[in-house]
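In our numbering, each number is its position in the sequence shown, counted from 1, plus 8.
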Amino acid sequence: MINDSQLLDQVRGWVDEARRIVVLTGAGISTDSGIPDFRGPQGVWTRNPAAERLATIQDYLADPEVRRNAWQNRLESPTWHARPNRGHQAIVTLEKRGLLHALVTQNIDELHQTAGNSSELVIEVHGTMRRAMCWSCGARFPMRDILERVRGGDPDPACPRCGGILKSDTISFGQALVPEVIDRAMEVAAEADLLLAVGSTLQVYPAANVVPIARDAGARVVIINAEPTGMDSLAHALLTGAIGELLPAIAGEAA
């Protein structure tokens, strides 16, 4: 079987041998913290395709009703009450062991930093929902401050500096990625000797490109996910199952 002890032992051995582990994480690592993923069987967009409009920049900027709904969604997000789980803690263990070269995440929840990973190692390719940003002037604000205005009755809060449209400091559909962030993610992938792709369907680009880049550079590739991914054929090992069990099993103990 794919998750038998022999395979886990093999992957654990690769972790022990590695000196530059790069981890790519997707929404699947945070589901055990109570944050639903997007494309899984019970994902946000799987169950309600219309919700994708709230994350599409053209709709968000053009339609005040979309913005109002988006602010209510932010207000009620389970992320505000979520805590890191065993999967997050396993990556902290890799850092404590001195093995973690970089952590590339598609997630916007900052649970990696909350768990204890160093901010300088975390590359947030899709931004963070814990900040708000103005589309007009680019100013950033703590999201909690803007959400207090929503709770106080402002359904579509404007930028306090210029009056422009505010959104979460995340990458929406149709919004340009930050080139420096993506470049850094690809650079660290090329430097890895072991890549762990965790909780991602590997369908969202360019973030998913870290997998072939790492493999082409000579790294071993391990994919850990509850469902098959679009890049399973590139993996040296596939671990299919509960991330909160599999990742701690291969991360070992902190020094």
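For every residue, glycine included, the Cβ atom is placed at its ideal position computed from N, Cα and C. Being a predicted model, the structure only gives us computed values, none of them experimental.
In the DSSP output, what is residue i paired with across the bridge?
i	result
E128	None; E128 has no bridge partner.
R139	P150
I29	L108, L202
A209	Checking the sequence shown, residue 209 turns out to be Thr, not Ala. None, per the DSSP bridge assignment.
T113	T33, E132
A5	Because the chain in this structure spans residues 9 to 263, residue 5 falls outside the shown range and cannot be described.
Is the shortest distance between the beta-carbon of residue i and the beta-carbons of chain C less than 9 Å?
i	result
T136	The structure shown has no chain C; it contains just one protein chain.
Specify, as a first and last residue, the run of the alpha helix (DSSP H) that residue i falls within.
i	result
M194	187-199
G36	Unbroken run through G36: none, as it is neither H nor E.
G95	94-104
V219	218-224
G252	251-259
L107	Taken as a continuous stretch (DSSP letters only), L107 belongs to no alpha helix (DSSP H), as it is neither H nor E.
P72	72-83
Q121	119-123
Going by other Cβ atoms of all chains shown within 10 Å of its Cβ, with 16 needed for buried, is residue i buried or exposed?
i	result
E188	exposed
Y165	Tyr is not the amino acid found at residue 165; the sequence shown has Pro there. P165 is buried by the Cβ-count criterion.
Y317	In the structure displayed, the chain extends from 9 to 263; residue 317 sits before or after that span and is not available.
Q80	exposed
S241	exposed
A184	exposed
C167	buried
G207	buried
H120	buried
S126	exposed
D24	exposed
L18	Looking at the sequence provided, one finds Gln at residue 18 rather than Leu. Q18 is exposed by the Cβ-count criterion.
H89	exposed
G171	exposed
D40	buried
Could you please give the first and the last residue of the uninterrupted beta strand (DSSP E) stretch that includes residue i?
i	result
T248	245-248
D153	First-last for D153: 151-159, but that is the alpha helix (DSSP H), not the beta strand (DSSP E).
D177	174-178
V229	228-233
T64	Unbroken run through T64: none, as it is neither H nor E.
Give the C-beta separation of residue i and residue j to the nearest angstrom, bearing in mind that I take them to be a contact with Cβ-Cβ under 8 Å.
i	j	result
M239	V219	5 Å
A245	L15	6 Å
H109	I29	6 Å
L83	V158	5 Å
I43	S180	Not a contact, Cβ separation roughly 18 Å.
R138	E118	5 Å
L129	I154	Going by Cβ atoms, the distance from L129 to I154 rounds to 28 Å, so no, they are not a contact pair.
I231	L254	At roughly 11 Å, the Cβ-Cβ gap does not stay under 8 Å, so I231 and L254 are not in contact.
A227	L202	6 Å
Heavy atom of the ligand FAD less than 8 Å from the Cβ of residue i, yes or no?
i	result
S85	Because no ligand of any kind appears in the structure shown, any question about the ligand FAD cannot be addressed here.
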